[in-house]
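Let me begin by presenting the structure, written as structure tokens, before commenting on it.
Numbering (our numbering), first residue to last: 132 to 593.
Structure representation (structure tokens):
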């Protein structure tokens, strides 16, 4: 059975008189009684609680308790129609998590999010943007939903309370609940008007950041990107104390992206990744699926932004200007795969090459170099593949400087790649040496084949 928080007024003197029946006290004497206010949990349904508040309003003279009772009654009417939309008043500053919508659910709310593609299934650019920017906009309501009498009665009570008690200290919560009621009825324009009032009149409300985020989503869905930008930015500017900081930063980046302001977008997306690093986020984690998808989407939109600029050159320039990051390899890797998926093999290889050349002693440098070879093979560039294999052998041969930074015993995969490339090079030139059509280059091919056989023997004498 649902348990309802009910306002209880203790009237000891009057109750005692009624029990004895020997007194002539009247209802008017309530004005002179000291009233004890406390909250108690009453076992029973919503209807019982609503009847109690309605009876209190009908039978009790107007007092400082009246607006609180009106608000509670309206809240219960909303709850009866739609479920648990309200929460008891809580203490705390603006940083307190809003009672209604947690930041983790803010981008899906009651709306059904766009489905992510299944493994192995390609996702179009349009589908990606639709999914990654899914907002809190509620779905269109049916005629039945729009005729919800309880919600309309609640809105009428909220309006009456605001008009009659403009200085009631809980009016920010009244506006908050009123905006939600309008949203549930599908009257988003009316909801926006109420939220605008809350933002304007109650800048210290604990609901402020959530309301700002909902306003921003309203603007974003309608492609009013300048308004959305200002709304998201108002949250970001408050800093990490806001529970909506990361979501707002993510969507602010998308707002710039939609305006084709890719450099501005990149600064916000990179700031989001910086925030992840600062909070100890593990980019390789797989437990929090929702968060992993959001991070993956962030890397993807970063790749798209760099592709609209100057590709690898823009990536290098960005980190040269704004400082290196511990996750740079992921930025380069995602951009390389973005180009590869579009069969832009030269661009893909140039991205991986750029990172490997700038970070020759990075842990993933050999892996990136091998990816260059794989991409060039996929693109059908045999001569370029041979050059890349030679470069790999020079960079990661056992006499190379790379091994001054790593113990070969800890990098068996690199040794495996080295064996493969040395063998491929030796066999390649041995085959050319034996090819009658390559008679003019026979001597040079012989020397190349000998060189790579010798490199193999020196590197792997056992």
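Using N, Cα and C, we set each Cβ at its ideal position, and we do this for glycine too.
Nothing here was measured: the structure is a model prediction, and the numbers come from that model.
To the nearest angstrom, report how far apart residue i and residue j are at their CA atoms.
i, j, result
"residue 111", "residue 322", "As displayed, the chain neither begins before 132 nor continues past 593, which places residue 111 out of reach and without an answer."
"residue 510", "residue 479", "10 Å"
"residue 355", "residue 348", "10 Å"
"residue 326", "residue 496", "51 Å"
"residue 242", "residue 527", "Interpretation of residue 242 is limited by its pLDDT of 34, a score under 50 that renders its predicted location unreliable; the figure taken from the coordinates is listed afterwards. Going by the C-alpha atoms only, they are around 52 Å apart."
"residue 239", "residue 197", "Interpretation of residue 239 is limited by its pLDDT of 37, a score under 50 that renders its predicted location unreliable; no figure is taken from the coordinates."
"residue 302", "residue 290", "10 Å"
"residue 203", "residue 184", "8 Å"
"residue 350", "residue 424", "24 Å"
"residue 401", "residue 368", "16 Å"
"residue 532", "residue 390", "46 Å"
"residue 576", "residue 520", "16 Å"
"residue 352", "residue 490", "41 Å"
"residue 553", "residue 572", "20 Å"
"residue 279", "residue 187", "24 Å"
"residue 262", "residue 255", "11 Å"
"residue 282", "residue 324", "17 Å"
"residue 517", "residue 438", "28 Å"
"residue 306", "residue 329", "6 Å"
"residue 525", "residue 450", "27 Å"
"residue 181", "residue 365", "38 Å"
"residue 535", "residue 494", "13 Å"
"residue 444", "residue 507", "20 Å"
"residue 537", "residue 568", "43 Å"
"residue 265", "residue 473", "25 Å"
"residue 447", "residue 590", "34 Å"
"residue 127", "residue 578", "Past the boundaries of the shown model lies residue 127; the chain is included only from 132 to 593, so the question cannot be answered."
"residue 337", "residue 292", "20 Å"
"residue 588", "residue 529", "11 Å"
"residue 116", "residue 358", "Past the edges of the chain, shown from 132 to 593, lies residue 116, and the structure says nothing about it."
"residue 345", "residue 320", "12 Å"
If contacts are defined as beta-carbon pairs under 8 Å, then residue i and residue j qualify, I think. What distance do you get, rounded to the angstrom?
i, j, result
"residue 287", "residue 209", "That belief does not hold up - the Cβ atoms of residue 287 and residue 209 are roughly 12 Å apart, past 8 Å."
"residue 130", "residue 436", "Shown here, the chain extends from 132 to 593; a query on residue 130 therefore has no answer."
"residue 386", "residue 422", "Contact flag wrong, Cβ pair sits at about 21 Å."
"residue 440", "residue 393", "6 Å"
"residue 363", "residue 404", "That belief does not hold up - the Cβ atoms of residue 363 and residue 404 are roughly 17 Å apart, past 8 Å."
"residue 308", "residue 206", "6 Å"
"residue 492", "residue 460", "That pair is no contact at about 13 Å."
Secondary structure at residue i, three-state DSSP: helix, strand or coil?
i, result
"residue 353", "coil"
"residue 458", "coil"
"residue 452", "helix"
"residue 490", "coil"
"residue 470", "helix"
"residue 476", "helix"
"residue 584", "helix"
"residue 271", "Only weak support exists for where residue 271 lies, its pLDDT of 46 falling under 50; the value from the coordinates is given anyway. Note: residue 271 maps to coil in three-state DSSP."
"residue 194", "coil"
"residue 386", "helix"
"residue 375", "coil"
"residue 495", "coil"
"residue 255", "coil"
"residue 134", "The predicted position of residue 134 is uncertain, since its pLDDT is 46 and thus under 50; a value taken from the coordinates is nonetheless stated next. Residue 134 falls in the strand class under three-state DSSP."
"residue 543", "helix"
"residue 549", "helix"
"residue 579", "helix"
"residue 431", "helix"
"residue 261", "helix"
"residue 344", "helix"
"residue 299", "coil"
"residue 407", "helix"
"residue 415", "coil"
"residue 422", "helix"
"residue 568", "helix"
Next item on the list: Pick out the complete alpha helix (DSSP H) segments inside the region 500-541, 4 residues or longer, and give them in chain order.
Entry: 513-527
Notebook entry, point to check: Is it a yes or a no for the region 454-468 touching the region 494-512, going by three-plus beta-carbon pairs under 8 Å?
Noted result: yes
Item checked: At least three beta-carbon pairs within less than 8 Å, the region 447-455 to the region 420-436 -> no
Check: Touching or not, the region 553-561 and the region 579-593, by the rule of three or more beta carbon pairs under 8 Å?
Finding: yes
Margin query: In chain order, what are the residue ranges of uninterrupted alpha helix (DSSP H) at least 4 long that sit wholly in the region 300-326?
Written below: 302-315
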